[in-house]
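In the numbering used here, the protein residues as written are 9 to 112.
Quick notes on the structure that follows.
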């Protein structure tokens with residue numbers, strides 16, 4: 009339960025931070041584009057974390073036990089990426105919309 013709450017809070021904080029950044033950096037953008045920039049912050053962070061961890065996993069030592077592969081590790085990371093995209097849609101998009109409306 010703590011992971012769900014923590015990821016939801018992180019998505020909200022990143023959406024508000026990205027909204028503040030986009031409004032300060034590009035004030036002439038339309039509200040829709042600013043919401044898009046703010047909402048894409050959390051999925052981009054998750055994608056970067058996924059790519060870094062995938063490279064570390066594939067470059068690291070391979071398991072030596074019979075039948076041991078890195079496939080389950082990669083599957084778990086893909087599941088994390090899908091989870092992060094779901095959190096971004098359910099929590100990040102509405103919080104980005106609210107943040108842009110509040111800060112405009």
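Cβ coordinates follow ideal geometry from the N, Cα and C atoms, glycine included.
Note that the coordinates shown come from a computational prediction; the quantities given were computed from them, not determined experimentally.
From 89, 109, 80 and 23, residue whose alpha carbon lies closest to that of residue 45: 23
Run through DSSP, which three-state label would residue 35 get? coil
Check whether the Cβ atoms of residue 154 and residue 111 sit closer than 7 Å, and answer yes or no. Outside the modelled stretch of the chain, which goes from 9 to 112, sits residue 154, for which no answer is possible.
CB residue 58 to CB residue 89, shorter than 7 Å? yes
My output table needs one value for residue 132: the three-state DSSP class, helix, strand or coil. This structure cannot settle anything about residue 132, because the visible part of the chain is limited to 9 through 112.
Measure the alpha-carbon distance for residue 73 versus residue 79 and round it to whole angstroms. 14 Å
Using three-state DSSP, classify residue 42 as helix, strand or coil. helix
Residue nearest to residue 106 in terms of C-alpha spacing, selected from 19, 9 and 15: 19
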